[in-house]
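Participant: Could you have a look at this structure, given as structure tokens, before my questions?
Chains as they are written, first to last, in the working numbering: chain A, 5 to 281; chain B, 252 to 543.
Laid out in structure tokens, this is it:
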């Protein structure tokens with residue numbers, strides 16, 4: 005008779021305890037942040053740190069009132085979602101072309117695309133800043149959407165390419181033989197097969213755009229600033245407003261962390277770049 | 252027939268053109284402008300000084316004592332974080348690989364830092380972990396009766412490395428966990444029957460299986476770590492002195508604090524060269540693993 009699905013020997017117990025311990029240590033800073041967000045400022049800097057106290061929601065209301073959280077949250081949401089969709093629209097056709105009609109140049113073009121990611125963003129900062137200034141798009145959502153789309157594009161093409169390559173050519177050719185148009189072939193054959201890869205590509209780019217800080221800090225401020233900019237504004241030199249800082253941080257990372265927890269299995273599939281067969 | 256052949260070459264090109272053309276513009280226009288700016292005198296604070304500068308800006312940037320420091324810091328940062336995250340990522344992935352109670356919850360806790368944005372990461376560590384009076388680290392050293400360390404002043408670069416490793420270790424771990432799941436169970440069982448030790452399995456079965464995932468992790472981390480900015484911007488501002496200034500931050504300082512567009516552009520060209528040198532070395536080293 006089977007009592008437990010685990011074999012409770014000494015090694016197993018040690019491994020289980022070690023795994024839990026490691027997970028706790030890695031997660032601890034976030035746990036601390038979450039707890040601090042519900043303290044008063046005085047409780048927040050108490051030494052030793054308080055773990056039992058009466059929680060307050062005051063910090064959250066104050067963050068919303070003082071710095072208009074909803075505006076920054078909407079900016080984050082709009083720029084990351086729109087840039088992801090735009091990126092997929094541009095990247096899917098080219099990944100399709102690279103995967104199913106490769107030429108001798110395909111590999112060079114793809115390496116070149118990735119090499120644009122090796123150009124440090126700061127190298128392009130001044131020209132991009134000046135260009136947006138000339139056309140009056142500084143501190144606008146459009147500027148961030150353009151920048152996010154372009155900086156994610158190479159990674160999107162690579163992820164989609166390695167996903168498409170796992171789809172057998174024959175299936176697409178068969179549908180073409182049956183007289184399917186390109187759109188029909190895409191809609192009814194490729195899309196169902198590549199849905200997982202496209203989803204994980206989109207998820208990663210959503211996370212990357214939501215968390216992007218370099219361009220957001222340098223191109224936007226009060227008007228189109230994202231949550232990364234909001235949090236940076238809570239960096240007081242004394243650093244004694246821990247509770248409010250924690251509340252603002254938690255409000256900034258909460259949505260994407262919960263999103264990440266639910267989508268992690270899907271996310272990781274495309275991330276392996278075909279490294280896992 | 253010939254029209255058919257033309258069409259079959261035309262369509263793939265049409266499909267790839269949006270991505271290729273937009274990326275080409277995204278690369279060439281800023282690059283061209285940066286090269287142009289790097290060759291002229293262009294300071295936002297003194298617009299009366301202008302004209303062709305030749306190599307002046309390059310000379311100015313490279314003789315700045317902060318330049319070599321920043322290149323060195325960039326490479327130390329990159330190397331340390333890659334080694335730490337791949338090492339710990341592998342160890343943790345192996346540790347939690349086989350089932351145990353609460354495995355999926357442990358997995359969720361472990362990957363959470365990957366979803367934390369750089370500004371939050373930096374402020375969380377700067378204030379709540381590393382503050383020399385109220386921080387968690389200070390409390391821990393106090394508990395053991397040790398002098399607290401003022402992390403960001405005493406070991407600024409090390410502190411940034413800790414923050415970045417915390418952020419990227421989960422990413423490495425996540426990919427390694429997935430790779431481990433596709434290990435050949437029968438092969439592992441057979442090697443155990445033949446009396447292979449755990450380290451022999453690690454050396455001859457696990458590591459070869461993981462080679463490609465390790466290559467992918469290194470590749471992606473290098474891309475993001477070469478231009479670390481927000482973590483330095485929100486914590487140390489490159490200091491004290493130049494101890495935690497990387498190349499990206501030095502260029503930012505030239506451009507937006509000294510308003511010297513010319514020198515900053517020359518610096519940007521150096522950053523691009525450095526990135527490409529690293530990229531070439533990297534592709535040489537791990538390219539075999541990325542080839543299909």
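For glycine and all other residues, C-beta sits at the position ideal for the given N, C-alpha and C.
Using the Cα positions of residue 487 of chain B and residue 495 of chain B, report the straight-line distance between them to the nearest angstrom.
Facilitator: The straight-line gap from Cα to Cα measures roughly 7 Å.
Participant: Taking Cβ positions, are residue 421 of chain B and residue 355 of chain B nearer each other than 8 Å?
Facilitator: Going by C-beta atoms, residue 421 of chain B is not nearer than 8 Å to residue 355 of chain B.
Participant: Please name the residue in B:342, B:365 and B:300 whose C-alpha comes closest to that of residue 415 of chain B.
Facilitator: Checking every option, the nearest Cα to that of residue 415 of chain B belongs to B:365.
Participant: Exposed or buried, which one is residue 111 of chain A when buried takes at least 16 other CB atoms within 10 Å?
Facilitator: Exposed, by the Cβ-count rule.
Participant: Give the straight-line distance between the Cα atoms of residue 427 of chain B and residue 96 of chain A, rounded to the nearest whole angstrom.
Facilitator: Those two C-alpha atoms are separated by around 27 Å.
Participant: Given this structure, state the Cα-to-Cα distance separating residue 226 of chain A from residue 136 of chain A, to the nearest angstrom.
Facilitator: Distance between the alpha carbons of residue 226 of chain A and residue 136 of chain A is about 16 Å.
Participant: Starting from residue 311 of chain B, trace the alpha helix (DSSP H) both ways and give me its first and last residue.
Facilitator: Per DSSP, residue 311 of chain B belongs to the alpha helix (DSSP H) from 307-314.
Participant: Within 10 angstroms of its Cβ, does residue 504 of chain B collect 16 or more other Cβ (buried), or is it exposed?
Facilitator: Under this definition residue 504 of chain B is a buried residue.
Participant: Under a three-way DSSP split, which group does residue 280 of chain A fall into?
Facilitator: Low local confidence applies: a pLDDT of 49 at residue 280 of chain A is under 50, so the model's placement there is unreliable, with the coordinate-based value given in what follows. If DSSP states are grouped into helix, strand and coil, residue 280 of chain A belongs with coil.
Participant: Is there contact between the segment 403-417 of chain B and the segment 365-382 of chain B, where contact requires at least three CB pairs shorter than 8 Å?
Facilitator: Yes: at least three Cβ pairs fall under 8 Å.
Participant: Compare the Cα-Cα distances from residue 81 of chain A to each of A:181, A:231 and A:23 and report the closest residue.
Facilitator: Closest by alpha carbon: A:231.
Participant: Under 8 Å between C-beta atoms, does residue 385 of chain B make it to chain A?
Facilitator: Closer than 8 Å to some Cβ of chain A, the Cβ of residue 385 of chain B qualifies, so yes.
Participant: Where residue 32 of chain A and residue 26 of chain A are concerned, what is the direct C-alpha to C-alpha distance, given to the nearest angstrom?
Facilitator: Roughly 10 Å between the two C-alpha positions.
Participant: Give the DSSP bridge partners of residue 320 of chain B, in chain order.
Facilitator: BP columns for residue 320 of chain B are empty, so no partner.
Participant: Can you check whether the CB of residue 402 of chain B is closer than 8 Å to the CB of residue 472 of chain B?
Facilitator: Against a cut-off of 8 Å, the Cβ pair of residue 402 of chain B and residue 472 of chain B comes out as no contact.
Participant: Would you grab the beta carbon distance between residue 34 of chain A and residue 516 of chain B for me? Rounded to a whole angstrom, and I think it's under 8 Å.
Facilitator: Residue 34 of chain A to residue 516 of chain B, Cβ: 39 Å. No contact.
Participant: Would you mind stating whether residue 221 of chain A and residue 142 of chain A have Cβ atoms separated by less than 8 Å?
Facilitator: Taking 8 Å as the Cβ cut-off, residue 221 of chain A and residue 142 of chain A do not qualify as a contacting pair.
Participant: DSSP state of residue 303 of chain B, grouped into three classes?
Facilitator: Reduced to three states, the DSSP call for residue 303 of chain B is strand.
Participant: When we look at the beta-carbon of residue 187 of chain A and count the other beta-carbons within 10 Å, is it buried (16 or more) or exposed?
Facilitator: Per the 10 Å Cβ criterion, exposed.
Participant: Can you tell me whether residue 238 of chain A is buried or exposed, with buried defined as 16 or more other CB within 10 angstroms of its CB?
Facilitator: Buried, because 16 or more other Cβ atoms sit within 10 Å of the Cβ of residue 238 of chain A.
Participant: Looking only at its chain, what residues have a beta carbon closer than 8 Å to the beta carbon of residue 482 of chain B, apart from the 5 residues adjacent to it on each side?
Facilitator: Counting only Cβ-Cβ distances below 8 Å, and skipping sequence neighbours, we find 369, 372, 373, 411, 414 and 415.
Participant: With the cut-off set at 8 Å, would you say residue 99 of chain A and residue 165 of chain A are in Cβ contact?
Facilitator: The answer is yes: Cβ separation under 8 Å.
Participant: Count the other CB atoms within 10 Å of the CB of residue 530 of chain B; is the residue buried (16 or more) or exposed (fewer)?
Facilitator: With 16 or more Cβ atoms within 10 Å of its Cβ, residue 530 of chain B is classed as buried.
Participant: Return the CA-CA distance between residue 247 of chain A and residue 489 of chain B, expressed in angstroms with no decimal places.
Facilitator: The alpha-carbon atoms of residue 247 of chain A and residue 489 of chain B are separated by roughly 26 Å.
Participant: Would you decide whether residue 449 of chain B is buried or exposed? Buried here means 16 or more other CB atoms lie within 10 Å of its CB.
Facilitator: So residue 449 of chain B ends up on the exposed side.
Participant: Beta carbons nearer than 9 Å to chain B: which residues of the segment 20-32 of chain A have them?
Facilitator: Those would be 20, 22, 23, 24, 26, 27, 28, 30, 31 and 32, in chain order.
Participant: Whole-angstrom Cβ separation of residue 42 of chain A and residue 526 of chain B, contact assumed at under 8 Å?
Facilitator: That pair is no contact at about 43 Å.
Participant: Within 10 angstroms of the Cβ of residue 163 of chain A, are there 16 or more other Cβ atoms? Answer buried if so, exposed if not.
Facilitator: Burial call: buried.
Participant: Nearest chain B C-beta to residue 194 of chain A closer than 8 Å, yes or no?
Facilitator: Judged by the 8 Å Cβ criterion, residue 194 of chain A is not in contact with chain B.
Participant: When you compare each of A:155, A:236 and A:263 to residue 251 of chain A by their alpha carbons, which one comes out closest?
Facilitator: Answer by Cα proximity: A:236.
Participant: Shortest alpha-carbon distance to residue 152 of chain A belongs to which of A:249, A:212 and A:66?
Facilitator: Residue 152 of chain A has its Cα closest to that of A:212, out of A:249, A:212 and A:66.
Participant: Among B:474, B:468, B:337 and B:283, which one has its Cα closest to the Cα of residue 156 of chain A?
Facilitator: The shortest Cα separation from residue 156 of chain A among B:474, B:468, B:337 and B:283 belongs to B:474.
Participant: Any beta carbon from chain B within less than 8 Å of residue 43 of chain A's own beta carbon?
Facilitator: Judged by the 8 Å Cβ criterion, residue 43 of chain A is not in contact with chain B.
Participant: Going along the segment 250-273 of chain A in order, which residues come within less than 7 Å of chain B, judged by CB to CB distance?
Facilitator: Those would be 253, 256, 257, 260, 261, 264, 265, 268 and 272, in chain order.
Participant: Within a Cβ cutoff of 8 Å, which residues of the same chain sit near residue 11 of chain A, ignoring the five residues on either side of it in sequence?
Facilitator: So the list is empty, once near-sequence residues are dropped.
Participant: In chain order, what residues of the same chain have a beta carbon less than 7 Å from the beta carbon of residue 173 of chain A, not counting five sequence neighbours either side?
Facilitator: Around residue 173 of chain A: 104.
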